[in-house]
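Residue numbers (my numbering), protein chains in the order written: chain A, 3 to 110; chain B, 3 to 110.
Note that the Cβ used here is the ideal one computed from N, Cα and C, for glycine as well.
Bear in mind the structure is a predicted one, so any value in this text is a computation, not a measurement.
The structure appears below as structure tokens.
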DNA sequence: GCGAAGGTCAACCGAATGGTTGAATAAGTG
DNA sequence: CACTTATTCAACCATTCGGTTGACCTTCGC
């Protein structure tokens with residue numbers, strides 16, 4: 003249970019965390035530097051980073067006393083697939099979709 | 003702020019709610035019928051539907067004593083745009099798509 | 001009008017979020 | 001060693017989530 007895609011969508015549901023991911027698009031960053039633009043405490047940012055890590059959206063590696071945060075965008079793939087597939091399925095009429103199911107999965 | 007995109011991602015972070023959205027791809031449904039495949043109480047489903055409504059992903063219209071749930075997939079647009087901004091990813095992977103089908107629709 | 005069906009509401013529960021502050025740990029720097 | 005920097009941990013707090021049960025209201029069928 004407790005699927006990864008749940009964690010990914012949950013992680014993306016907070017503006018602070020989305021902003022962090024966007025910052026990390028540019029380059030890896032230390033925790034302190036991630037926290038700098040935000041008005042909340044470092045501990046709060048640390049918790050956000052934990053949630054992003056749990057979702058697999060970032061990884062953290064400690065070098066010396068600095069913990070570097072690195073974007074792991076491939077963790078978004080499952081969520082992208084879900085959301086885009088949904089859009090594509092929605093565009094189909096349902097009979098065609100059922101045909102697809104029958105063809106691809108051998109169900110009826 | 004409490005932005006809409008926050009609500010959309012939060013709504014999508016629960017497997018029960020994603021399953022409900024997938025069910026509604028086929029047709030509008032009454033609350034009781036939405037609840038039927040799930041093992042939880044009707045009240046629990048009602049709460050999930052409230053969360054989906056808050057996100058704008060469904061609308062509910064009462065006709066007689068029956069409340070009809072209708073998919074509003076355009077509410078996903080903003081979330082799709084955001085998530086696609088990490089577009090260096092392969093957008094649609096066939097294996098993952100099959101997994102999606104199995105998980106979200108393959109429930110007999 | 002009566003009873004059943006369709007849904008929500010209210011109260012409760014345990015767990016998770018999102019934030020705080022202050023102490024603690026770890027690792028460079030003088 | 002002493003100090004400072006980097007980061008987490010622990011405790012606390014208010015709010016939300018995901019679920020339950022039982023009461024309630026509305027509407028349909030008889």
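- Take residue 65 of chain B, set aside five residues on each side of it, and no residue of its chain has a beta-carbon closer than 7 Å to its own.
- Against chain A, the beta carbon of residue 15 of chain B has neighbours under 7 Å at 8, 11, 12 and 15, listed in chain order.
- Contact check between the segment 50 to 62 of chain A and the segment 17 to 29 of chain A: three or more CB pairs, one atom from each, fall below 8 Å, which counts as touching.
- Within the segment 56 to 89 of chain A, the residues whose Cβ lies closer than 8 Å to any Cβ of chain B are, in chain order, 75, 76, 78, 79, 80, 81, 82, 83, 84, 85, 86, 87, 88 and 89.
- Each residue's CA atom was taken as its position, placing residue 72 of chain A and residue 14 of chain A some 16 Å apart.
- Rounded to the nearest whole angstrom, the CA to CA distance from residue 39 of chain A to residue 24 of chain B is 39 Å.
- Residue 69 of chain B and residue 33 of chain B have their C-alpha atoms roughly 6 Å apart.
- Here residue 67 of chain A is exposed: its Cβ has fewer than 16 other Cβ atoms, across all protein chains shown, within 10 Å.
- The C-beta of residue 83 of chain B has fewer than 16 other C-beta atoms within 10 Å across all chains shown, which makes the residue exposed.
- The segment 3 to 72 of chain A contains, as complete alpha helix (DSSP H) runs of 4+ residues, the segments 6 to 14, 17 to 28, 33 to 37 and 44 to 56 (chain order).
- Secondary structure note for residue 74 of chain A: it is in no alpha helix (DSSP H), with a DSSP letter that is neither H nor E.
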